[in-house]
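Asks:
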Amino acid sequence: MRIGAIEAGGTKFVCGIGNEDGDILDSISFPTGDPERTVEQAMAYFRSRDAEAIGIGSFGPIGVHPDRPDYGFVTATPKTGWSGFDFLGTMKREFGVPIGWDTDVNAAALGEASWGAASGLGSCVYITVGTGIGVGVYYEGRLVHGLLHPEGGHVLTRRHPKDGFRGICPFHGDCLEGMAAGPALEARWQVKGSVLPSEHEAWTFEAFYLGQAVANVILMLSPAKVILGGGVMQQPQLLPMIREEVRRNLNGYVKADELAEGLDAYVVLPGLDGRSGLSGALALGLRAWRDSQG
Ligand code: ADP
Ligand code: ZN
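The working numbering applies: residue 14 is where the sequence shown begins, and numbers increase by one.
1. How far does the beta strand (DSSP E) with Pro44 in it extend, from its first residue to its last?
2. Taking 7 Å as the line, does the beta carbon of Glu190 fall inside it for any heavy atom of the ligand ZN?
3. Determine the DSSP secondary structure at Ile255, reduced to helix, strand or coil.
4. Please determine if the stretch 289-300 and the stretch 104-124 are in contact, where contact requires at least 3 C-beta pairs separated by less than 8 Å.
5. Is it buried or exposed for Ile41, if we count other Cβ within 10 angstroms and need 16 for buried?
6. Is it right to say Met14 is buried, meaning 16 or more other beta carbons lie within 10 angstroms of its own, or is it exposed?
7. Any chance the stretch 229-240 sits against the stretch 194-203, with 3 or more Cβ pairs inside 8 Å?
8. Should Phe184 be counted as a contact of the ligand ZN given a C-beta to heavy atom distance under 7 Å?
9. Can you find a heavy atom of the ligand ADP that lies under 7 Å from the Cβ of Val281?
10. Give me the residue from Gly94, Asp39, Thr24 with the minimum Cα distance to Phe72.
11. For Asp99, I'd like the list of residues in its chain whose CB is within less than 7 Å of its CB, leaving aside the five on either flank, ordered along the chain.
12. Which residues in the same chain have their Cβ closer than 6 Å to the Cβ of Leu169, if we skip the five residues on either side of it in sequence?
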């Protein structure tokens, strides 16, 4: 089978073709510009490639409920031109194949559950720590939407006692994203996160906030695996520090081997190594194709 996949990020689009085993056979990437031109670029890629289904994992917020008028639209994003854009409808008018649609982070969670770090498990939570913080939830075989879709990047966290930074979320100031996303690191320390030395205090704060978020996810959803991805997680010292904070926050309350000696295998980096989003979009396409077969 040939399945198309679009990882539609706020910074860049990645389009690819893969198969039902999750192998990506070909892909291209281009910057995210205005919606008409960007989606036309994606459509041009697929026109000659005979996809039997397509999956789209999109930056949000997006409409994910098929029975609502905003289904398939990018909704209240500050990204110029995209708010109110009918992404899914534009694709459907061009291609007569089943098209799967979800948030980029839900797609990444599905990708990891299909072929990555959570493969074979019934649930996982995927947290991306990049330009923003996003949380995708795969639960009992389904991607969680609920009222709209989870917005776990904006959960509220307790402040570190030594932290005077106000946070940069335009809505909440010091929510998780406002304190711990890549741009927050940069605003706080006046340099890009990638150049901060591994022993810098920045990572103590970073682990403090992300460790709370992970502990809260465990307490709220009890997933079978928590996966941390995104640019900021490329700091190799960070993951062990986050696990320590998770241990400290839970303080032995939740009794599971996975949260004790098994923690290193429970809070993990993505198994798909930079391809979680695109593989997840592929998995969305595959699901759409299977649904269309009845
Ligand atoms: P996006 O979230 O836009 O899809 P990324 O997941 O790559 O993209 O995240 C980009 C953010 O991650 C930027 O804020 C960047 O400064 C930060 N970042 C990228 N690499 C590193 C690194 N090695 N260490 C810390 N921060 C990084
Ligand atoms: Zn916020």
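Where is the CB? At the ideal position from N, CA and C, for every residue including glycine. Note that the structure is predicted; figures quoted are calculated from it, not measured.
Replies: Put simply:
1. 37-44
2. yes
3. helix
4. yes
5. Under this definition Ile41 is an exposed residue.
6. exposed
7. Taking a cut-off of 8 Å for Cβ pairs, the stretch 229-240 and the stretch 194-203 do not touch, as fewer than three such pairs fall below it.
8. yes
9. no
10. Thr24
11. Gly85, Phe86
12. Cys188
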